[in-house]
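Visitor: These protein sequence lines map, in sequence, to chains A and B. Residues 1 to 205 in the numbering used here are what the first sequence spells out, letter by letter. Residues 1 to 205 in the numbering used here are what the second sequence spells out, letter by letter.
There are 2 protein chains.
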Amino acid sequence: MTRLPETTISRLTIYRRYIKSILKKGKPLVTSEKLGRKMHFKPSQIRRDLSYIGQFGRRGKGYYVRKLCRGLDKTLGLDREWQVALVGAGNLGRSLSAYPGFRRHGFEVSVIFDNSPAKIGKTWLGVEVLDIKQMPKVIKERKIKIAIIAVPYSSAQQVADILIRSGVKAILNFAPYKVAVPEGLKLKNIDLSTELQSLSCFLTK
Amino acid sequence: MTRLPETTISRLTIYRRYIKSILKKGKPLVTSEKLGRKMHFKPSQIRRDLSYIGQFGRRGKGYYVRKLCRGLDKTLGLDREWQVALVGAGNLGRSLSAYPGFRRHGFEVSVIFDNSPAKIGKTWLGVEVLDIKQMPKVIKERKIKIAIIAVPYSSAQQVADILIRSGVKAILNFAPYKVAVPEGLKLKNIDLSTELQSLSCFLTK
């Protein structure tokens, strides 16, 4: 399978959410027209996106809801549990580790790292905060592939470098810093205050 | 001034953060080469971005740090305080209202709305949770222009409609739903679990 574009992946996650809700209602079939109406997408867009990932229906009848669900789960890597390492036990890290949407989708923050003696050894929602010095060892041992960076921007690159050396392949970076990663790794940056700044910039114009 | 592209705004917020740190150190001038090295951007990109918003330096000398800071603050609407309404006092809303980066940039969550009798009337970090029925009145009275939606996806559109009718002009939407807004309004969608799903999708390939 070829690599899907980011925008397609983003739509697939939206489709999946809605299609899960239809599955719960026990509907066996759904058309792209109905999906489009409910989710504010063009039916042609939905058909194109879904055709990338497999064959889930019959022309003129619609998609088989259960089959489509399974296909979306598989494509998005949601047919399994992912262990996630969280680096940074500050306010932002605390907020993120408590975020209910992660666990619901099979992402388990299973270890937290920090460099503050006041935080190391504490437990947070059942997850121990470990010394950042143990990061390479623990990540290798547990074969963790996904990490979330929630440290101040001055240490973001250093943390990313250690994560990558330890075997992490995909990083969600909340530090407001453009972290550099080698090719073949996946990096997503989210800066919540930048998002608000783009709103205030708009209102200022 | 013409409307800046999203990607430019996003870079300006990164520049601003770094330039603030230079200002603190008391450096009067900085070159685009130095900025580029420190932030992993091409100097030509930085010069182009900054030329959009004003004249802050002299060829061959660099940018005047203090002037540049003021220019960035003004462009991004960060030379003032913004009142923000938060809708949804669930786990996600709680995390967001505690997010330290908002207040630091002049965004003050000054009111929270929810429809749960168990939450209405409670106080969160000094901010009262009001009945969602009071939303139109309170938002109009306080002239709030920015809102954050952190409700389940099934009520996201309804909440957005009420916010817009009440005078809100810019919305940060954390509900995993493609909210429709009329032209002339600004909407930013952030779906944290979608971001993680794009990582797991990458690892699955």
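Yeah, the Cβ is synthetic: ideal placement off N, Cα and C, and Gly gets one too.
To which residues of the same chain is S166 (chain B) closer than 6 angstroms at the C-beta, ignoring the five residues directly before and after it?
Guide: P136, I139, K140
Visitor: Can you list, in chain order, the residues of its chain with a C-beta nearer than 8 angstroms to that of I149 (chain B)? Leave out the 5 residues immediately preceding and following it.
Guide: V87, G88, A156, V159, A160, L163, I171, L172, N173, F174, A175, V179
Visitor: What does K169 (chain B) reach in chain A if we use C-beta pairs closer than 7 angstroms?
Guide: L203
Visitor: If contact means a Cβ-Cβ distance below 7 angstroms, which residues of the segment 72–86 of chain B contact chain A?
Guide: Cβ contacts with chain A: T75, L76, G77, L78, W82.
Visitor: Please report how far the alpha carbon of P43 (chain A) lies from the alpha carbon of E128 (chain B), in whole angstroms.
Guide: 43 angstroms
Visitor: Just to confirm before moving on: does the CB-CB distance between T75 (chain A) and L12 (chain A) stay below 8 angstroms?
Guide: yes
Visitor: Alpha carbon to alpha carbon, how far is G26 (chain B) from R16 (chain B)?
Guide: Each residue's Cα considered, the two are about 15 angstroms apart.
Visitor: Short of 7 angstroms in beta carbon distance, which residues of its chain neighbour L125 (chain B), apart from the five on each side in sequence? Order them along the chain.
Guide: The answer, listed in chain order, is S97, A98.
Visitor: Can you grab the Cα-Cα spacing for the pair V30 (chain A) / G36 (chain A), in whole Å?
Guide: 11 angstroms
Visitor: So, for Y177 (chain A): in the same chain, excluding its five sequence neighbours on each side, which residues have a beta-carbon less than 6 angstroms away from its beta-carbon?
Guide: Y153, A156
Visitor: Closest to L4 (chain B) by C-alpha separation, out of B:G77, B:S200, B:C201, B:T194, would be which residue?
Guide: B:G77
Visitor: Assign N115 (chain A) to one of three DSSP states: helix, strand, or coil.
Guide: coil
Visitor: Mind checking which residues open and close the alpha helix (DSSP H) that includes D49 (chain A)?
Guide: 43–53
Visitor: Indicate whether F202 (chain B) and K186 (chain A) have their beta-carbon atoms separated by less than 8 angstroms.
Guide: For F202 (chain B) and K186 (chain A), yes; Cβs fall inside 8 angstroms.
Visitor: Determine, using beta carbons only, whether L192 (chain A) comes closer than 8 angstroms to chain B.
Guide: yes
Visitor: Kindly give me the distance between the Cβ atoms of Q83 (chain A) and E108 (chain A), rounded to whole angstroms, as I take these residues to be in contact under 8 angstroms.
Guide: Contact flag correct, Cβ pair sits at about 6 angstroms.
Visitor: Whose C-beta lies closer than 8 angstroms to the C-beta of M120 (chain B) among residues of the same chain, with five residues either side of it excluded?
Guide: Note that residue 120 (chain B) corresponds to Ile in the displayed sequence, not to Met. Excluding residues within five positions, the ones whose Cβ falls inside 8 angstroms are D114, V129, L130, D131.
Visitor: In the DSSP assignment, what are the bridge partners of E108 (chain B)?
Guide: B:Q83
Visitor: Would you say I149 (chain A) faces chain B, with C-beta separation under 8 angstroms as the test?
Guide: no
Visitor: Inspect the beta-carbon positions of G90 (chain B) and I112 (chain B) and report whether they are closer than 8 angstroms.
Guide: Cβ atoms of G90 (chain B) and I112 (chain B): not closer than 8 angstroms.
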